[in-house]
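Trainee: Below you will find the structure I want to go over with you.
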Amino acid sequence: RQFLNQPGYYGVTSEIAPAAQLAWFKHFFPEIKRIGVLYSHTNSDLIREAHHTAEQLALTLIDAEVEIDSARAQEATQLLGKVDALWILPNPVVLDSQPHTTELFELAQQAKVAVFGYHPVFMEFGATMSINADLATTGRQAALIVQSILEQQSQASAIQFPAGSNISLNLRRVRDYQLYLNPEALNSVSDLLNH
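Okay, here's the thing in C-alpha cells:
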C-alpha cells in the first residue's frame, strides 16, 4: 500500500482489502458489533477507510492510536474492555516484537475477546480467525498485471488488493468466547483449527 498512487509502480498488496476483511468478519460473526483496532500513524488512511466501511456494515469500529514508546498493554486493555473483537493490522509500531505480540494476544484471551488477524501465524498466538491473501491467486493476478503492461494496456489501479483469500478459523476460540458463528460461513474456511 505504500506505493499506492506512485507512478511506475504496479503490483498486488500482501493484505486483503479492509472492506473485504470487515465484510468477512460480519459474515462469520453477525452478532459482533464493536470491533477494536490498535493502529499508528502508518495506518491512519486505512483506519479512515475502515470507519466508512464499518458504518456501511452496521459495525462500530473503535480505534486506539499507539505510539512507539507508549504504554501498549494499558491501551490494549482499555480497548479490549470496549469491544467484541480485536482486529490486527500489519503495523510495525503495534506489532514491533514477538513479546509485545504475545502480550497483546494474552490480554485478549484474558478478556475473552476474539482476535481477527491478517496472517495464519496469528492462529499460533491464539487468533480466532485469520484472513490472508491466497498466494496462487495473487500470482495469477500479478501475471495479468505484467501482461497488460507488456501489451501497453492502461491499468485501472497500479496497486491492487488480492482477489483471493484464505480463511483460518479456530473453533476452540469460538466456543471459549461463546461466539455465534454463522454456520453458512463454514464453507468459506480454508483451515479449520480446534486448539
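Note that the working numbering numbers the sequence shown so that position 34 is 33, with each residue one more than the last. C-beta atoms are modelled at their ideal positions from N, C-alpha and C, and glycine is treated no differently. None of the values given here were measured: they were computed from a predicted structure.
(1) Three-state secondary structure (DSSP) at A63?
(2) I need the DSSP call for A141, collapsed to helix, strand or coil.
(3) What residue from H40, E30, V82 has the CA that sits closest to E64's CA?
(4) Run through DSSP, which three-state label would R164 get?
(5) Between P89, L85, D68, which has its C-alpha nearest S43's C-alpha?
(6) Does DSSP put R0 in a helix, in a strand, or in coil?
(7) D44 by DSSP, collapsed to three states: which one?
(8) Nearest-angstrom Cα distance between L170 and Y179?
(9) What is the DSSP secondary structure of V114, counted as helix, strand or coil?
(10) In terms of alpha-carbon separation, which member of A162, A113, G125 lies closest to G197?
(11) Cα separation between D175 and V93?
(12) Throw me the rounded Cβ distance for the F160 and A22 pair, which I believe falls under 8 Å.
(13) Can you tell me whether Q159 is helix, strand or coil according to DSSP?
(14) Determine the burial state of P135: buried for a count of at least 16 other Cβ atoms within 10 Å of its Cβ, exposed for fewer.
(15) Would you call the CB atoms of A57 and I34 closer than 8 Å?
Mentor: Looking at the coordinates:
(1) Position 64 of the sequence shown, counted from the first residue, corresponds to residue 63. Strand, per DSSP.
(2) Translated into positions along the sequence shown, residue 141 becomes position 142. The answer is helix: DSSP assigns A141 an H, G or I state.
(3) By 1-based counting over the sequence shown, the position of residue 64 is 65. Closest by alpha carbon: H40.
(4) The count along the sequence shown starts at 1 and reaches residue 164 at position 165. At residue 164 the sequence reads Ser, which differs from the Arg that was named. Three-state DSSP puts S164 in a strand.
(5) Position 44 of the sequence shown holds residue 43. Looking at the Cα atoms, P89 is the closest of the given residues.
(6) By 1-based counting over the sequence shown, the position of residue 0 is 1. At R0, the pLDDT of 48 sits below 50, so the modelled position is not reliable; the number obtained from the coordinates is stated separately. R0 falls in the coil class under three-state DSSP.
(7) For the purposes of this step, residue 44 is taken as residue 45 along the sequence shown, with counting starting at 1. Here D44 sits in helix by DSSP.
(8) Counting from one through the sequence shown, the residue named residue 170 turns up at place 171. Counting from one through the sequence shown, the residue named residue 179 turns up at place 180. Computed Cα separation, rounded: 11 Å.
(9) As a first step, residue 114 must be located in the sequence shown, where it is residue number 115. In the structure shown, V114 sits in a strand (DSSP, three-state: E or B).
(10) No information on residue 197 is available, as it lies outside the stretch 0 to 194 that the chain covers here.
(11) As a position in the sequence shown, residue 175 is number 176, starting the count at 1. As a position in the sequence shown, residue 93 is number 94, starting the count at 1. So the alpha carbons of these two residues sit roughly 26 Å apart.
(12) Residue numbering aside, residue 160 sits at position 161 when the sequence shown is read from its first letter. Residue numbering aside, residue 22 sits at position 23 when the sequence shown is read from its first letter. About 13 Å separates the two Cβ atoms, so there is no contact after all.
(13) Here the question's residue 159 lines up with position 160 in the sequence shown. Looking at Q159 - three-state DSSP - the assignment turns out to be strand.
(14) Residue mapping note: residue 135 aligns to position 136 of the sequence shown, counting from 1. The residue asked about is misnamed: residue 135 is Ala in this sequence, not Pro. Exposed, since its Cβ has fewer than 16 Cβ neighbours within 10 Å.
(15) Sequence index remark: in the sequence shown, residue 57 carries index 58 (1-based). Sequence index remark: in the sequence shown, residue 34 carries index 35 (1-based). Taking 8 Å as the Cβ cut-off, A57 and I34 do not qualify as a contacting pair.
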